[in-house]
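Participant: Order-wise, the sequence lines are chains W and X.
Here numbering that gives the first Met the number 0 is used: the first residue of the first sequence is 0, the next is one more, and so on.
Here numbering that gives the first Met the number 0 is used: the first residue of the second sequence is 0, the next is one more, and so on.
The C-beta atom is built at its ideal place from N, Cα and C for all residues, glycine as well.
Since we're looking at a predicted model, the values are computed, not measured.
Here's a structure for you.
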Amino acid sequence: MGVLIKNGRVIDPSQSLDMVGDLYIQQDRVKEISKRIDAPRKGDTVIDASGQVVAPGLVDIHVHLREPGYEHKETIKTGCLAAAAGGFTSIVCMPNTNPINDNASVTEYILLKARTEGIVNVFPIGAITKGEKGKELADIGEMCEAGCVGISDDGMPVTDSGLMRKAMEYVKPFGIPVITHAEDTGLSAGGVMNEGFVSTELGLRGIPVASEEVGVVRDIILCELTGTPLHICHVSTKGSVRLVRAAKKRGVKVTAEATPHHFTLTDKEVYGYNTDAKMNPPLRTQEDVDAILEGIADGTIDVIATDHAPHSQDEKNVEFDLAPFGIVGLETALSLSLELVEKEIITLEEMIKKLTVTPSEIVGIERGTLVPGSIADLVVFDPGMSRTVNPEEFSSKSRNTPFSGWELKGVVSNTIVSGKVVFSHN
Amino acid sequence: MPFDKKHILGLGELSAEEIKIILDTAESMKEISTRDVKKVPTLKGRTVVNLFFEPSTRTRSSFEIAEKRLSADVLNFSASQSSVVKGESLVDTARNFEAMGASIMVIRHGMSGAPFVLAREIGASVINAGDGSHEHPSQALIDIFTIREKKGRIEGLNVLIVGDILNSRVARSNIFGLRKLGANVRIAGPATIVPEYFRDMGAEIFYSLEHAIENVDVVIMLRIQSERKTLEYFPSLREYSGLYGLTREKLSLAKEDVIVMHPGPINRGVELTSEIADDPGAVILEQVANGIAVRMAMIYLVALGESL
């Protein structure tokens, strides 16, 4: 039993491969890629990928699955369905569930649920501190043994620099990265959107760019002090891009991600008090967007990640101050990333790299490659085909996206996990 | 030009023409207030609900009188006695009043943008009676109406707004409205509550009241809102009042026929001295009287739009 994908443009940045040809999957592994692979064996599935791209399955290292605790927003099952529909075969989920993933039993619960109900690979991130309260270290070693691939207090940055330093030192022997949501909460306190002209007009409390940049600076310095690999989440400001670029130049072990919304939208989306444009870090200005695009082009930004943050419509359909931060992203990320190729910011191969092999390397998972013998996680997509974003058709349980009604290119036709087609679109 | 807005959410959303229509309509409404029988049957049979999620005496009373003079049935809702404490959402609360037949909702809310949520989600016309730090259109229209009455025009006047600009909805609405009608707007106060971004809204920024007040026609003194945590932005009320409190001496630097306004309630001895509050150049109580006429105009115009 196998899958034969015919006539696709096979792009695999992990082996600098870009060729039109066939790819054969035997059981759960990539068996062969070549110009032409002859007639399949009995029982094989054949996928005609003419005019389409065949790539390693996408890897998103910043997802909120909401289970356990907030199953009305998303479950591991629906989050995985959304991932598959968006071309993602591996997702890395943040620990801010209820209970918080700060000990091995929660990690094991998530992995068990993912094995039984999830159709894509789920890799959990453990909390840095117990309850994400920033007071004492979580059970980092045990969570790592249970399967966590990194630690983060995403959304609740560790304000105590001394504790952050201890976390970075402690985690080093376990070989997993510290993933930071960089924010100085003293500067952002009470803020609900980017501080600037738009927040002034709307009378909404602003989150200054400085709140992120002060956080980025601190964590880069702690990274230099400890030597532990640091990954900076959702970079949203021009200053952060500059800081990461300078740090990389002097050899600091830092990587950074940007989300599709931060490289596409500005704070003008908030006009009309649109709560689907409320997230943390907030949408910034065009100047920041341009800087992020530059960072994506020159490699300062290593990874595209979604910060998929589902919330129910009831939770979002309230006063702007009361609405929770966050938007869904799994089912729009590929199309929005293809815009970068369309605008010639990066090549298609570079885009795929930022969505496959690089994020896999950062969290140390053996995914994001089509090298023969590797696990057969793949995506097949038509980069030129248009679609209109319709949140009603999302596989995610939530609909909170600012991209509703957008005309975008890029349609996923098949998502394959361990040799099995888990999503197909006709 | 007819007034075809279904809602009045802020002066940022209105054109100069639309603002003028409201002011002109308010003039006719003011005439009604001089009659023996201060009532017209215009809104007979219609229900207006005042949804107040934040305490307010003057704005609510003023809206209520305005509604009654137009013969509307009036429902009052305030958050303290509300189901909000039981966890009902803003939209659900409003839908209940809509089901009771309310066709106009006047909303006061502590959070910026709350009236926009209603306008988006319900069928009734929405009038913003103050939302967070965003806008307070009826107050600014009253200020502008009073200035026009006193000075005969708005265009070319120098208007100074003093105080907590950052957190003030009155300031934002006045800046939008006055700029649209061609006035020069200056703002003054401590740097922490007079952010630079206001320059892009067309206001000139001053940190010295003495410099700011030179040659102005109108001074609008904002209330220091201690409930909005303004006090963390400067060392003490004493220091504030020394630097930005309006005294007769500072006022003498303005034009001779300067008028002094205050949206109320006044903190005597903080924003201005008692002698100024009680001075004939202060039009604070006239503002209150004009408030009814302006609010009648706002309600009348959205009701008209709704019936078209």
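Does L10(X) have its Cβ less than 9 Å from a Cβ in chain W?
Facilitator: no
Participant: Rounded to whole angstroms, how far is the Cβ of S89(W) from the Cβ of D376(W), which I believe are closer than 8 Å?
Facilitator: 7 Å
Participant: Could you confirm whether any beta carbon from chain W is found closer than 9 Å to the beta carbon of V90(X)?
Facilitator: Using beta-carbon distances, V90(X) counts as an interface residue toward chain W, with a partner under 9 Å.
Participant: Using a C-beta to C-beta distance shorter than 7 Å, which residues of chain W count as neighbours of A113(X)?
Facilitator: E318
Participant: Whole angstroms is fine: what's the gap from M220(X)'s alpha carbon to I258(X)'s?
Facilitator: 11 Å
Participant: Within 10 Å of its beta-carbon, does L307(X) have 16 or more other beta-carbons around it, so buried, or fewer, so exposed?
Facilitator: Residue confidence for L307(X) is low, a pLDDT of 40 falling below 50, so the modelled location carries little weight and cannot support an answer.
Participant: Could you check what DSSP says for L307(X) in three-state terms: helix, strand or coil?
Facilitator: Note that L307(X) has pLDDT 40, beneath the 50 cutoff, so the model's placement of it is unreliable and the number below is only indicative. The answer is coil: DSSP assigns L307(X) none of H, G, I, E or B.
Participant: Given a cut-off of 9 Å on the beta-carbon distance, is the pair K72(W) and P371(W) in contact?
Facilitator: no
Participant: Residues of chain X with CB under 7 Å from T236(W), in chain order?
Facilitator: Simply none; closest approach about 17 Å.
Participant: Whole angstroms are fine: how far does the CA of F173(W) sit from the CA of N474(W)?
Facilitator: Chain W is shown from 0 up to 425; residue 474(W) falls before or after that span and cannot be answered.
Participant: Strictly under 9 Å for the Cβ-Cβ distance: is S311(W) near chain X by that measure?
Facilitator: no
Participant: Do I103(X) and R152(X) have their CB atoms nearer than 9 Å?
Facilitator: For I103(X) and R152(X), no; Cβs fall outside 9 Å.
Participant: Taking the beta carbon of D3(X) as the centre, do at least 16 other beta carbons fall within 10 Å, making it buried, or is it exposed?
Facilitator: exposed
Participant: DSSP three-state label for I303(W), please.
Facilitator: strand
Participant: Under a Cβ-count criterion, where at least 16 other Cβ atoms within 10 Å of its own Cβ denotes burial, should K353(W) be classed as buried or exposed?
Facilitator: buried
Participant: Check this for me: beta carbons of Q224(X) and M260(X), under 9 Å apart or not?
Facilitator: no
Participant: Output, in chain order, the set of chain W residues within a Cβ distance shorter than 7 Å of M104(X).
Facilitator: Result: empty, since nearest Cβ-Cβ is about 15 Å, beyond 7 Å.
Participant: May I have the straight-line CA-CA distance separating N49(X) from E238(X), to the nearest angstrom?
Facilitator: 38 Å
Participant: Give a yes or no on whether 9 Å exceeds the smallest Cβ distance from F196(W) to chain X.
Facilitator: yes
Participant: Quick one: Cα of L369(W) to Cα of A322(W), how far?
Facilitator: 42 Å
Participant: Name the one or two DSSP bridge partners that I4(W) has.
Facilitator: L22(W), I46(W)
Participant: Taking the runs of the beta strand (DSSP E) that are 3 residues or longer, which of them lie wholly in the stretch 132 to 209 of chain X?
Facilitator: For the stretch 132 to 209 of chain X, whole beta strand (DSSP E) runs of length 3 or above, ordered along the chain, are 157 to 161, 183 to 187, 202 to 205.
Participant: What three-state label does DSSP hand N266(X) in the structure shown?
Facilitator: coil
Participant: Strictly under 9 Å for the Cβ-Cβ distance: is H133(X) near chain W by that measure?
Facilitator: yes
Participant: Pull up the DSSP beta-bridge partners for V125(X), would you.
Facilitator: M104(X)
Participant: Suppose you measure from the CA of I164(X) to the CA of E195(X); what does that come to, to the nearest Å?
Facilitator: The C-alpha of I164(X) lies about 11 Å from the C-alpha of E195(X).
Participant: Measuring straight from C-alpha to C-alpha, what distance separates G189(W) and N95(W)?
Facilitator: 20 Å
Participant: Tell me the start and end of each unbroken beta strand (DSSP E) in the stretch 91 to 178 of chain W that is at least 3 residues and wholly inside, in chain order.
Facilitator: Those beta strand (DSSP E) runs which fall completely within the stretch 91 to 178 of chain W and span 3+ residues are 120 to 123.
Participant: Go ahead and label D256(X) buried or exposed: buried means 16 or more other beta carbons lie within 10 angstroms of its beta carbon, across all protein chains shown.
Facilitator: exposed
Participant: What residues from chain W crowd round M260(X), counting only those whose CB sits closer than 8 Å?
Facilitator: Ordered by position in chain W, no residue passes the 8 Å Cβ test against M260(X), which lies about 21 Å from the chain.
Participant: Would you kindly report the start and end of the unbroken beta strand (DSSP E) that includes G238(W)?
Facilitator: Not the beta strand (DSSP E): G238(W) falls in the alpha helix (DSSP H), residues 237 to 248.
Participant: Okay, do the stretch 311 to 326 of chain W and the stretch 286 to 294 of chain W touch, 3+ Cβ pairs below 8 Å being the bar?
Facilitator: no
Participant: Using a Cβ-Cβ distance under 9 Å, would E200(W) count as near chain X?
Facilitator: yes
Participant: Residues of chain W with a CB under 7 Å from the CB of Y196(X): which are they?
Facilitator: G195, F196, T199
Participant: Tell me whether N193(W) sits in a helix, a strand or coil according to DSSP, three-state version.
Facilitator: strand
Participant: Taking the alpha helix (DSSP H) that I64(X) belongs to, which residues open and close that run?
Facilitator: 57 to 68
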